[in-house]
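Working notes, structure below.
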Ligand SMILES: [Zn+2]
Ligand SMILES: [Zn+2]
């Protein structure tokens, strides 16, 4: 049936198609408010139109995303719990039941985390120079599908499903083994719903997450916590990665210390049932030496660029190079724990060599010099200048700004050159004071107070820091006698220094 729609006469199905192509809910609303006939068509097919908009907004993993949200919903105190559960278990969730505002919000947050994990995957295995995913749409779809499937598994078999059992408490070893076997059978049944291709994708994502766990928890965390990381869920592991801490997982898993020490239900949490199902499907492992599990997501992955170009250490999930230092620094700034590599303005000041980091005058200079750079892009400016204006020390002659560097090498390069960059900038602004023989190791660097009077330690430090340049290597061989220097200063200025004023 055709209706009059303003100047156009369009059939209902065309109007429905037009509405489905609305870029957002708000555009849809504006369109509906303009024409009554559009509104009538919407009222006739609200869910198919809304689902189509969500599909475009959230991406191809929208049905999986919705399935996951609804899968978790019955856990909450939800009026429609039974109905939602029935839909969730069904693979066809694009159904008549409309999605709620909360579900959309939750899906967007979830997809955002999946994107962050995809970015990490791509950066780790495919392209070391880009912190955003370089996977093709098809590869991206495989990754996202696998991650959603894995998360569904962790929702079905959450850590809370297995309350901690005191070892040798209520059950004998044999009884526990029987229960573990029963649980594994339930897991096998769950995984049997997936195709072999989907299971292999899950295995690729598992390898990736396990490697991420090794990277995060090798620096921090309880022994054995990695075994809990997968059951806790990929998003918890992502949170641990951002703050380089096991805090998120500790918050998520009750009794974690005990669980880490003994938990038969979380051993072989997914690998045993997954491999069992693959065996049933008669899958054989590839034997080619250049074949990696990640190839189930992308066959463009080869194990190149795995070592730091300078120290040859294995590169992990952070690789510092011209294209990545600013986005990496910004990434970790989101963490409330602020690991060292956050490279905020304050932590850059603390990267100055030796005692220079205590030098109030130079810290203030650096802070104000880099504080006004656009988009917090000061690392590009500092490191770019060091390379472009040849400020590099001879020891770094073969270093290139396109080198792939591990965090330690990057930090070392920055620390060894930061004062040279400050010196270079100061020299553009005017003459530099004569070099202090003790250079950056000088003990007379400290808090800088421009108003300090002569008869105080601060006045003494102020005068020394203003009179001498410390942005240089030490040349003096002797040890600095601070007490003697203070005494000489007191005599020369005819003041008595109150040492308690330090
Ligand atoms: Zn290195
Ligand atoms: Zn000095």
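Residue numbers (our numbering): 886 to 1387.
In this text, a Cβ means the ideal position worked out from N, Cα and C, and glycines have one as well.
With the criterion CB distance below 6 Å from any heavy atom of ligand 2, the matching residues run 1321, 1323, 1327, 1329, 1349, 1353 and 1355 along the chain. Collapsing the DSSP output to three states places residue 1023 in a helix.
For residue 1195, the Cβ falls inside the 7 Å cut-off from some heavy atom of ligand 1. A distance criterion of 7 Å places the beta-carbon of residue 1294 in contact range of ligand 1, judged by its closest non-hydrogen atom.
A straight-line Cα-Cα distance of about 23 Å links residue 919 and residue 941. Per DSSP, reduced to three states, the secondary structure at residue 1379 is coil, with no helix or strand assignment.
Assigned with DSSP and collapsed to three states, residue 1320 falls in strand. Collapsing the DSSP output to three states places residue 1205 in a strand.
According to the DSSP secondary-structure assignment, residue 1290 is paired through a beta bridge with 1205. Rounded to whole angstroms, the gap between the alpha carbons of residue 908 and residue 994 is 19 Å.
For residue 1121 and residue 1315, the gap between their C-alpha atoms comes out near 52 Å. Using a cutoff of 7 Å, the CB of residue 1128 does not count as near ligand 1, since none of the ligand's heavy atoms is closer than that. For the pair of segments examined, the stretch 1026–1037 was found not to touch the stretch 1146–1154: the number of CB pairs separated by less than 8 Å stays below three. Assigned with DSSP and collapsed to three states, residue 1150 falls in coil, not helix or strand.
Between residue 1178 and residue 1088, the C-beta gap is smaller than 8 Å, which places the two residues in contact. For residue 990, the number of other beta carbons within 10 angstroms of its own is below 16, and it is reported as exposed.
The closest heavy atom of ligand 1 lies 7 Å or more from the beta carbon of residue 918. In the DSSP secondary-structure assignment, residue 1192 is bridged to 1199. Comparing C-alpha distances from residue 1138 to each of 1381, 1039 and 1304 shows the shortest one belongs to 1039.
Taking 7 Å as the cut-off, one finds at least one heavy atom of ligand 1 near enough to the beta carbon of residue 1290.
The Cβ neighbour count for residue 950, taken over all protein chains shown within 10 Å, is at least 16; the residue is labelled buried. Taking the CA atoms as reference points, residue 1367 sits about 14 Å from residue 1240.
Taking every protein chain shown into account, the CB of residue 1131 has 16 or more other CB atoms within 10 angstroms, so this residue is buried. Taking all protein chains shown into account, residue 1206 has 16 or more neighbouring C-beta atoms within 10 Å of its C-beta and is therefore buried.
In the DSSP secondary-structure assignment, residue 1326 is not bridged to any residue.
With a threshold of 16 other beta carbon atoms within 10 Å, residue 1336 falls short and is exposed. Inclusion of residue 1198 in the 7 Å shell around ligand 1 follows from its C-beta lying nearer than that to a non-hydrogen atom of the ligand.
Nearest to residue 1117 by C-alpha distance, out of 1281, 1083 and 1046, is 1046.
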